[in-house]
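Q: If you scroll down you'll find the structure; I have some questions about it.
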Amino acid sequence: MAQETRLEYQSLPAVAPSYLRAATTLSGGLSQGETIPDIVAEIADLEVRAEELAKYRKVCGFRHSPYLPVTYPHVLAFPIHMAVMTHKQFPLKLLGLIHIRNEITQYRNIEVAEKLHLQVSVGGHEEVAKGVEFGLVTRVRDRAGDLIWEATATMLSRQKTSVSDSHSKPRKKPEEGLPFEPSDEASWDVPADIGRRYASAAGDYNPIHLSPWSAKLFGFPRAIATGMWTKARAAAELEPHLKQSAYTLSVGFKKPVFLPSTARFAYNTGDNGADFALTNDKGDILHLLGDVRYV
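For what it's worth, the numbering used here labels the leading residue of the sequence shown as 4, then goes sequentially.
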């Protein structure tokens, strides 16, 4: 059994070196019989910076509160995510990875003033028709050691596999209706600079989100909105309607939101949580599909 690689930080690692390693890594993939080794990174007694939190709240639409937005621990852990996925033991190329699903469970509200212990881990993979999927897992504990927040970001690395897609279920088209009956909706104006504004608040400077020119280098006609911005914006929209602070917030990222654009956020809340979707303004392109379930 391969030995686990452990990384321990006294302060958050700089993101710039990770971007440099990502930009200069020209190849990556899993060979036959190879998998992603176990890599675990940790940081203790992490404190939230008020000015950075305020910027994040503003760009994502969260109200001021004594508690962290449900998606904010993802931002706190982002420098460690980058360090793990550009580590020399990590076999996949970071640029080109696709974030396809994201699930967050918040076990209680997290106070802004709390000191937090963050752990990020990867290890193993699953072959699918389009490539290999793996989970980037983040866990947050309080000073007593209790687990208060955890998330799994499911990532796809495109490569040839032995899995056939001939038995995959046909996708339901948006025009055939959403898998829930919306009771409310809101129109979102998604400006051309939202990728740059989110990057400034969250540290995610992926070039496909920053400008039309940098996005074209990766095959996109225009810049696209960051998936975790759309999830955070959805969480901010739903927050006033939720009855409990302990819940699981799950999303599947579908078609990209090209910038600028107008999007339609449809949702339905109930005793068990909420269902929601983000489409284009005409409703015939599905960008995001998710739900909230109380725990």
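Glycine included, each C-beta is placed from N, C-alpha and C at the ideal position.
For Gln109, count neighbouring C-beta atoms within 10 Å of its own C-beta (all shown protein chains included) and say buried if the count is 16 or more, exposed if not.
A: Result: buried.
Q: Between Val166 and the rest of its own chain, which residues show a CB-CB distance below 8 Å, the 5 nearest in sequence each way excluded?
A: Contacts found: Glu130, Val131 and Ala132.
Q: Can you say whether Glu178 is buried or exposed, counting buried as having 16 or more other CB atoms within 10 angstroms of its CB?
A: Interpretation of Glu178 is limited by its pLDDT of 49, a score under 50 that renders its predicted location unreliable; no figure is taken from the coordinates.
Q: Runs of 3 residues minimum, wholly inside the segment 74 to 125: which ones carry the beta strand (DSSP E) assignment?
A: Listed in chain order, they are 101 to 109 and 119 to 125.
Q: Taking all protein chains shown into account, decide if Pro72 is buried (16 or more other Cβ within 10 angstroms of its Cβ) or exposed.
A: It counts as buried.
Q: Using C-beta distances below 8 Å, list every residue in its chain close to His90, excluding the 5 sequence neighbours before and after it, in chain order.
A: Here the set comprises Thr8, Leu10 and Ile42.
Q: Could you name the residues that DSSP lists as bridge partners for Asp187?
A: DSSP, once it has assigned bridges, lists Tyr270 as partnering Asp187.
Q: With DSSP run on the structure shown, which of helix, strand or coil describes Arg24?
A: Helix, per DSSP.
Q: Suppose you measure from the CA of Lys163 to the CA of Ala116; what does that come to, to the nearest Å?
A: In a straight line, the C-alpha of Lys163 is about 47 Å away from that of Ala116.
Q: Given a cut-off of 8 Å on the beta-carbon distance, is the pair Ile197 and Leu262 in contact?
A: Yes. Within cutoff.
Q: Between the Cα of Arg104 and those of Asn112, Met158 and Asp149, spot the shortest distance and give me the residue it belongs to.
A: Nearest option by C-alpha distance: Met158.
Q: Buried or exposed for Asn209, going by 16 or more other Cβ atoms inside 10 Å?
A: With 16 or more Cβ atoms within 10 Å of its Cβ, Asn209 is classed as buried.
Q: Expressed to the nearest angstrom, what Euclidean distance is found between the alpha-carbon atoms of Pro20 and Gly180?
A: One C-alpha to the other measures close to 45 Å.
Q: Assuming the contact rule is C-beta atoms closer than 8 Å, Ala44 and Val78 should be a hit. Round their C-beta distance to whole Å, please.
A: At roughly 16 Å, the Cβ-Cβ gap does not stay under 8 Å, so Ala44 and Val78 are not in contact.
Q: Thinking C-alpha only, which one of Gly273, Gly276 and Leu95 is nearest Ser34?
A: It is Leu95 whose Cα lies nearest to the Cα of Ser34.
Q: Return the residue from the list Thr282, Ala237 and Tyr250 that minimises the CA-CA distance to Lys257.
A: Lys257 has its Cα closest to that of Thr282, out of Thr282, Ala237 and Tyr250.
Q: Whole angstroms is fine: what's the gap from Ala218's alpha carbon to Arg199's?
A: Roughly 12 Å separates the two Cα atoms.
Q: With distances taken from CA atoms, which of Ile288, Ala238, Ser264 and Ala226 is nearest Ser253?
A: Among Ile288, Ala238, Ser264 and Ala226, the Cα nearest to that of Ser253 belongs to Ala238.
Q: So, are the CB atoms of Asn271 and Pro185 less than 8 Å apart?
A: Yes, the pair counts as a contact, with Cβ atoms nearer than the cut-off.
Q: Taking Cβ positions, are Ile107 and Thr251 nearer each other than 8 Å?
A: Against a cut-off of 8 Å, the Cβ pair of Thr251 and Ile107 comes out as a contact.
Q: For a quick check, are the C-beta atoms of Phe268 and Glu242 less than 8 Å apart?
A: For Phe268 and Glu242, no; Cβs fall outside 8 Å.
Q: Just how far apart, CA to CA, sit Ala266 and Ser30?
A: Whole-angstrom Cα-Cα distance: 36 Å.
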